[in-house]
Structures are given as structure tokens and as C-alpha cells.
Amino acid sequence: MDELNPPTPTDHNELSPLPLAPLSPLTRRTLMKGAALLGGMAFLQGCGGTRLATNFPEPVWPDQEPLPQPAKMTYTVPNRQPQVYAQPVPQPQQQASGITVIGRASWTREQPKWKFSKKMNGVDRITVHHDALLIDGRGQAWAASRLNKIRRSHLQRGSQWVDIGYHYIIDPDGRVWEGRPIDIEGAHVAATNDHNVGVMCMGNFERDRPTQAQLYSLDSMVADLMRRYRVPMGRVVTHQELKPTECPGNNLQSYMRQTRSSRGRLASMA
């Protein structure tokens, strides 16, 4: 760092060694305590410094502070096989017109905090997000576990948080999950949640690309919402089009520009 100007090291040959006095028992005890304290601090730093070591981004939770806009970069992701969770989960489902949505009872027994909720009172906007987390597994049980973790993280932000912030979530295999009930206002864009449906795709799309299954389900779900609530294409937006944030990541943002165009798939489905 520019602010640090350490002195130039002195040649060891120019230094005359000084005789060292033997350490007293008190001095030995003091040094041993100091070494133990430093060792404990190093351990704690290691426990808390995992994110720095892995250099993974923090999740983009709803209503977060704006993120700085980074320079665009190309990443090479190792071709690793993600973990598949073998345990199945129940599959009660609800039907939207033309698409199957897995009901929230499949991933949580908890109810929203109704006393803090606000009625949606109609829909006139749809906002697309990512969760900014790397995909470290696949399968329905894995996706259900991830939804629970996101919901718990949202609720830990304060007692006024009602539930998971998004209304619909799409996993890498293209399954569509019910999040927060559609009849109550979401918490996914700061100060812009009125009449706004939040649709989130799992993944970090600054680094990775959405799967084809995800993109097809995203177009299908958004098109269904557009027809159901008569939302025009001009009111289908991404998080970064409303607030200064990286969400939904450069790769999904590029796709959203294409699919909303006159020849895009979403335009043909809506």
C-alpha cells in the first residue's frame, strides 16, 4: 500500500549479536499466554474467513444496499459434478395455466408472518432476479433445502420480514417453486414491491449461465403471469433495471434483453 513505507532492511552482517538474558518464569508464562492467544485468534479468523479464502460472492438478498458495478469479466468454471441429494421430498403441487408449480408445503411447514404482511391488491409488474449463489447440488431435495436457507436468511433481517422475499423460484432443473404467497406483497426490490411479482432463478449469473431448463421455465412462468394479470412486456423488468445492483447477473440480464424482444421466446409465449 502506498501509505506504508517500511524502512529498508539492514544487512545482517552489520549487526553485532547481543547476549540474551535467560527468561524468568514470569516472562516464559507471559510469552506462552501470548502465543496461545495469537493461536486462538488465527483459528477464529480461519473460521470467519472462509468467504475470503473461496472468494465467493455474498448472496444478493432482497432490499440490499446497492452493489458497485464491476468491470465485465469472463470466468471459466471447473467442470465438476454437483452433489445430488438422494432423499426425496413430498410433491404437493398447484397448477398455474400451462405450467406446474410445486407448492410451498413441499419445502417448508412454516407460514408467513401474516400480521406483518401487506396485501398485493393486484399485479402490474414482474421482476426477475438471481440468488447470486453458486450451484453446489442438484435435485428436488437439494432445491428444497436451499429455499429453506434463503427463507431463514431473509427472516433473520428483522421481525418485520414476513417470509422468503420472492413469489416464485426456478431451480437449475427447471422446476418452479412457490415462494411467498402471490396474494401478499413481496420483498425483492427496495421501495418497489407494490403490485410487483418477484421471480428468482437459482444461481450466480455473473459467473455461470442459466440452464436451458431454467430459461424455458422462466419464459413460461413469466408469460403465464403476464396473461393472468395482463402485464405488458414493458412492465417485465430485471432487478438492475429498477435499482443499481448486479442482480440478475450479466448472463441472465443479456438473456432477458433477447427474450423480451419482438422475436424473443417470451414475446412469442405471452
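For the sequence shown, position 94 (counting from the first letter as 1) is numbered 94 according to this note's numbering, and the numbering increases by one without interruption. All residues carry an ideal CB built from backbone N, CA and C; glycine is no exception.
The alpha carbon of residue 251 has as its nearest neighbour, out of 113, 231, 202 and 139, the alpha carbon of 202.
By the criterion of at least three beta-carbon pairs nearer than 8 Å, the segment 154-161 is not in contact with the segment 215-224. Taking the CA atoms as reference points, residue 101 sits about 30 Å from residue 244.
Looking at the DSSP output, residue 177 sits in a beta bridge with 102 and 169.
By the criterion of at least three beta-carbon pairs nearer than 8 Å, the segment 191-207 is in contact with the segment 129-146. A distance of 7 Å or more separates the beta carbons of residue 111 and residue 174.
A check of alpha carbon separations from residue 182 across 170, 119 and 161 identifies 119 as the nearest. DSSP, reduced to helix, strand and coil, places residue 123 outside both helices and strands of the structure shown, so it counts as coil. If you check the CB distance, residue 162 and residue 242 do not come in under 7 Å. Relative to the Cα of residue 114, the nearest Cα in the group 258, 231 and 180 belongs to 180. For residue 204, the secondary structure class from DSSP, reduced to helix, strand or coil, is coil. Rounded to the nearest whole angstrom, the CA to CA distance from residue 228 to residue 168 is 15 Å. Going by DSSP, residue 237 is part of the beta strand (DSSP E) stretching over 236-238. Under the three-state reduction of DSSP, residue 138 is assigned to strand.
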